[in-house]
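**Q**
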Amino acid sequence: DVKVTQSSRYLVKRTGEKVFLECVQDMDHENMFWYRQDPGLGLRLIYFSYDVKMKEKGDIPEGYSVSREKKERFSLILESASTNQTSMYLCASRTKGWGPNYGYTFGSGTRLTVV
Amino acid sequence: AQSVTQLDSQVPVFEEAPVELRCNYSSSVSVYLFWYVQYPNQGLQLLLKYLSGSTLVKGINGFEAEFNKSQTSFHLRKPSVHISDTAEYFCAVSYGNKLVFGAGTILRVKS
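The following block contains the structure:
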């Protein structure tokens with residue numbers, strides 16, 4: 003089974019800190035995604051990457067950046083954390099191609115609290 | 057714009073009753089459709105998906121969904137719910153490279 007691992011389950015950071023959320027997948031997938039999940043809003047796409055060093059903005063990229071130096075690792079960066087970035091962050095990886103196995107695998111999430 | 061609408065934010069239902077969770081999406085030439093479930097304090101688990109073929113899709117835990125292209129809907133159903141089905145359910149639609157989620161429906165099963 004594909005595994006998507008997020009390095010931290012819970013994180014508490016101070017306002018203004020630079021925060022790194024790490025995500026690693028073990029199935030050689032090209033496509034990786036970062037979402038944030040908030041009550042009543044579902045999951046919203048922050049950024050995605052379709053190859054090493056390639057990235058595209060999702061629906062809510064403001065205040066975030068990403069890094070993909072290696073295929074298996076996709077990092078989300080909060081340049082200067084703010085309290086409105088307190089949320090659950092989910093990383094996902096997607097299968098190659100468009101065949102019957104097409105699908106997404108999600109990590110367990112990182113609950114970030116900015117104080 | 058690409059959007060997914062889950063018409064009910066909460067659905068209360070008694071145990072052993074049938075349930076339908078509704079999902080509509082903005083039209084596109086070709087989409088893939090998913091339902092995920094999230095139990096309290098857990099990650100997302102895939103319930104079922106529609107990629108092509110039969111419009112009636114069966115998933116895990118007795119759930120099924122029907123793809124209706126003309127109505128741009130993908131409603132989730134279960135004929136008889138159990139207390140353990142209490143969770144939040146998310147409809148998601150793959151528009152090319154982007155997977156867009158609905159806001160979620162909380163299913164509360166009462167005894």
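For the record, the sequence lines run as chains A and B. Sequential numbering from 3 applies to the first sequence in the working numbering. Sequential numbering from 57 applies to the second sequence in the working numbering. Note that the Cβ used here is the ideal one computed from N, Cα and C, for glycine as well.
#1: Hey, is the stretch 138 to 153 of chain B in contact with the stretch 89 to 104 of chain B, meaning 3+ C-beta pairs nearer than 8 Å?
#2: Locate the beta strand (DSSP E) running through T161/B, then write down its first and last residues.
#3: Are the CB atoms of V69/B and D163/B within a distance shorter than 8 Å?
#4: Using DSSP with H/G/I as helix, E/B as strand and the rest coil, what is I48/A?
#5: Quick check on S110/A - is its C-beta less than 8 Å from some C-beta in chain B?
#6: Compare the C-beta of N153/B with all C-beta atoms of chain A and state if any pair is closer than 8 Å.
#7: So, S65/B versus A148/B, is the Cβ gap smaller than 8 Å?
#8: Pick out the complete beta strand (DSSP E) segments inside the stretch 124 to 152 of chain B, 3 residues or longer, and give them in chain order.
#9: Step through the CB atoms of chain A and report whether any lies within less than 8 Å of the CB of Y47/B.
#10: Consult DSSP for Q58/B and reduce its assignment to one of helix, strand or coil.
**A** Inspection of the coordinates gives the following:
#1: A contact is defined here as three or more CB-CB pairs under 8 Å, and the stretch 138 to 153 of chain B meets this definition with respect to the stretch 89 to 104 of chain B.
#2: Its beta strand (DSSP E) spans residues T161 to K166.
#3: The displayed chain sequence assigns Leu, not Asp, to residue 163/B. Yes, the pair counts as a contact, with Cβ atoms nearer than the cut-off.
#4: Residue state, collapsed to three classes: strand.
#5: For S110/A, the answer is yes, since a Cβ of chain B falls inside 8 Å of its Cβ.
#6: Taking Cβ atoms only, chain A reaches closer than 8 Å to N153/B, which makes this a yes.
#7: Between S65/B and A148/B, the CB-CB gap reaches or exceeds 8 Å.
#8: Unbroken beta strand (DSSP E) stretches of 3 residues or longer found wholly inside the stretch 124 to 152 of chain B: 129 to 134 and 143 to 151, given in chain order.
#9: This structure leaves residue 47/B out entirely; chain B is present only between 57 and 167.
#10: Of the three classes helix, strand and coil, the one that applies to Q58/B here is coil, per DSSP.
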